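Counting from 1, one number per residue, gives the positions in the sequence shown under the UniProt record's numbering.
Just so it is clear, CB atoms sit at the ideal spot from N, CA and C, and this is done for glycine as well.
Owing to the predicted nature of the structure, the values given are computational and were not obtained by experimental measurement.
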Amino acid sequence: MIESDEGLLFIVCGPSGVGKTTLCRELLEQRPRLSLSISYTTRSPRGDEKDGVAYHFVNESRFQEMIDQELFAEWARVHGHSYGTSVEVIEDAWSKGRDILFDIDYQGAGQLRARFGKRAVLTLVVPPSMGILEKRLRGRGTDSAEVVDRRLQAARHELSQFPMFDYVIVNDDLAHAQAMIFSIYDSSRHMRLIWEERMRSLLSL
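The structure is reproduced here in structure tokens:
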């Protein structure tokens, strides 16, 4: 059972190519209270990705075992692979007085909101237009035309889930988007839910 009177789950979602990873990296560098959640995944490492740094890489059998043992706080299938966040990651961060930054799919975000309520703050990063997103994805040169088409289709579906999010950031200017995500995180630290127990304790003195 996870218990905390102050821990925050700061969740950033958005389709491939929207720039959310860059925003998360800057947020981690500038806000030392945040700890990055490292997901488990069944996909293979890409490039110079290292186990335990980018992801915890496991096979399908081990991932299913973790589901059966209820070791995940959230998990989802994304682009044909499984991704999940272990309960242990959250417990460890909160025991150290840290907030947790998630760069995950909207499905996992919804599960965390259902489990932790408003303690989970959901932010969706969106492109200025679908045309610009398509240009970014094709400009990478890392995926086939077929894969890019699938990613664009998935992006439309993910963006259609915007009503579930607390905040939406249009990433048309990186500096502006960074300022927005800093502001959202900082203000979330002062949400009534986070401070409610402390205020009750103060007023009982």
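Taking 7 angstroms as the cut-off, the beta carbon of E74 is found closer than this to the beta carbon of T85. Judged by DSSP in its simplified three-state form, G52 adopts coil rather than helix or strand. Beyond the five residues adjoining it in sequence on each side, Y106 comes within less than 6 angstroms, by CB distance, of C13, E158 and Q161 in the same chain, given in chain order. Collapsing the DSSP output to three states places G80 in coil.
D166 places its beta carbon less than 7 angstroms from that of L122. When T41, N59, F63 and Q64 are compared, the shortest CA-CA separation from V53 is found for T41. Below 8 angstroms, enough C-beta pairs join the segment 10-29 and the segment 124-137 to call them touching: three or more. Secondary-structure assignment with DSSP links E74 through a beta bridge to T85.
DSSP places V121 inside the beta strand (DSSP E), whose first and last residues are A120 to V126. If you check the CB distance, K20 and V168 do not come in under 7 angstroms. Per the coordinates, the alpha-carbon of E65 lies some 35 angstroms from the alpha-carbon of A145.
DSSP, reduced to helix, strand and coil, places V170 within a strand of the structure shown. Our two residues, L34 and A114, have alpha carbons roughly 22 angstroms apart in a direct line. Where S35 is concerned, the enclosing beta strand (DSSP E) starts and stops at L34 to L36. The criterion of a C-beta distance shorter than 7 angstroms is satisfied by V89 and S37. Using a Cβ distance threshold of 7 angstroms, I181 and F102 do not count as a contacting pair. Distances from the CA of R119 to each of P45, H190 and G141 were compared; the closest alpha carbon is that of H190.
In the three-state DSSP reduction, F63 falls in the helix class (H, G or I). Assignment of beta-bridge partners to Y185 by DSSP yields no partner.
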